[in-house]
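See structure below.
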Amino acid sequence: KQEVTQIPAALSVPEGENLVLNCSFTDSAIYNLQWFRQDPGKGLTSLLLIQSSQREQTSGRLNASLDKSSGRSTLYIAASQPGDSATYLCGCRASGSRLTFGEGTQLTVNP
Amino acid sequence: EAGVAQSPRYKIIEKRQSVAFWCNPISGHATLYWYQQILGQGPKLLIQFQNNGVVDDSQLPKDRFSAERLKGVDSTLKIQPAKLEDSAVYLCASSALGSLNHGYTFGSGTRLTVV
Chain A
13 KQEVTQIPAA
23 LSVPEGENLV
33 LNCSFTDSAI
43 YNLQWFRQDP
53 GKGLTSLLLI
63 QSSQREQTSG
73 RLNASLDKSS
83 GRSTLYIAAS
93 QPGDSATYLC
103 GCRASGSRLT
113 FGEGTQLTVN
123 P
Chain B
82 EAGVAQSPRY
92 KIIEKRQSVA
102 FWCNPISGHA
112 TLYWYQQILG
122 QGPKLLIQFQ
132 NNGVVDDSQL
142 PKDRFSAERL
152 KGVDSTLKIQ
162 PAKLEDSAVY
172 LCASSALGSL
182 NHGYTFGSGT
192 RLTVV
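The listed protein sequences derive, respectively, from chains A and B. Going from the first sequence to the working numbering is simple: count from 1 and add 12. Going from the second sequence to the working numbering is simple: count from 1 and add 81.
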């Protein structure tokens, strides 16, 4: 059974700081890994999708890496802004196509 | 491309009442998922459909929850009777058939409060 862990559970940083969110998973036989953003009371917005054959994906100030052998992924946010404040969720897609999520990291970027 | 549509956005009911949620996936997406997200936790899969067939309902509390996907398009999730612990956000997602390399697209969710 796939288990996904996200560290830290919460993070508060000053505006402009670069930061890293971590995701680890127990079953390395994944098809892909997807990072999402969730604003309070809202649904999930996809940020980056990394296939199992890829090492990283980039979109603007976001960079996600994947190391299947160690069961880890990181989401790097450069030059953080108050608008980046949200909960970030990591989801792993393994056998059966189910997406298994971690508990999320609640990010607060202070002006 | 239109996104995944869900309704209602919010619902407040008393325990032991029934409630239904509706989802319209992205056009052409054969796979549809219902997730339950309790406050402060990550989403957990309740049921997965491929076209109008159930692929995985192993975590669906079948004594009170039911779901259907008529004609392989829209889906409804029902709870009857509701319990206090059913208070959560119910998220619908869809993905394209044919490759497990496709990502998920989520709707805005329905926030259910059971009092």
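Just so you know, even glycine gets a beta-carbon here, dropped at the ideal spot from N, CA and C. As the structure is a computational prediction, the values presented were derived from the model and not from experiment.
**Report entry** Paired residues, beta bridge with P26/A - DSSP
**Finding:** N122/A
Query raised in the report: Counting contacts by CB-CB distance shorter than 8 Å, is Y185/B in contact with chain A?
Result: yes
Query raised in the report: Which residue's Cα is closest to the Cα of G28/A: I62/A, I89/A, T99/A and R110/A?
Result: I89/A
Requested in this report: Using a Cβ-Cβ cut-off of 8 Å, state whether G153/B counts as contacting chain A.
Outcome: no
Query raised in the report: Along chain B, in chain order, which residues have C-beta atoms closer than 7 Å to that of G114/A?
Result: G123
Report task. Grab me the residues of L33/A's own chain with a C-beta within less than 6 Å of its C-beta, minus the 5 sequence neighbours each way, in chain order. Result -> L87, Y100 and T117
Requested in this report: Compare the C-beta of S108/B against all C-beta atoms of chain A and say whether one is closer than 8 Å.
Outcome: no
Query raised in the report: At which residues does the beta strand (DSSP E) containing I119/B begin and terminate?
Result: Per DSSP, I119/B belongs to no beta strand (DSSP E) and is neither H nor E.
Query - Beta-carbon contacts of L193/B that lie in its chain and below 7 Å, excluding the five residues immediately before and after - result: K92, V100, D167, S168, A169 and Y171
Query raised in the report: Nearest chain B C-beta to S40/A closer than 8 Å, yes or no?
Result: no
Requested in this report: Report yes or no: is there a C-beta of chain A within less than 8 Å of the C-beta of R192/B?
Outcome: yes
Query - Minimum C-alpha distance to Q117/B - residue among D137/B, K125/B and H110/B - result: K125/B
Query raised in the report: Quick one: is L165/B buried, meaning 16 or more other Cβ sit within 10 Å of its Cβ, or exposed?
Result: exposed
Query - G188/B: contacting residues in chain A (beta-carbon distance under 7 Å) - result: G55
**Report entry** Beta-carbon proximity check, T157/B vs R90/B, cutoff 8 Å
**Finding:** no
Query raised in the report: Whose Cβ in chain B lies nearer than 8 Å to the Cβ of Q69/A?
Result: Neighbours of Q69/A on chain B: none; closest Cβ ~11 Å, over 8 Å.
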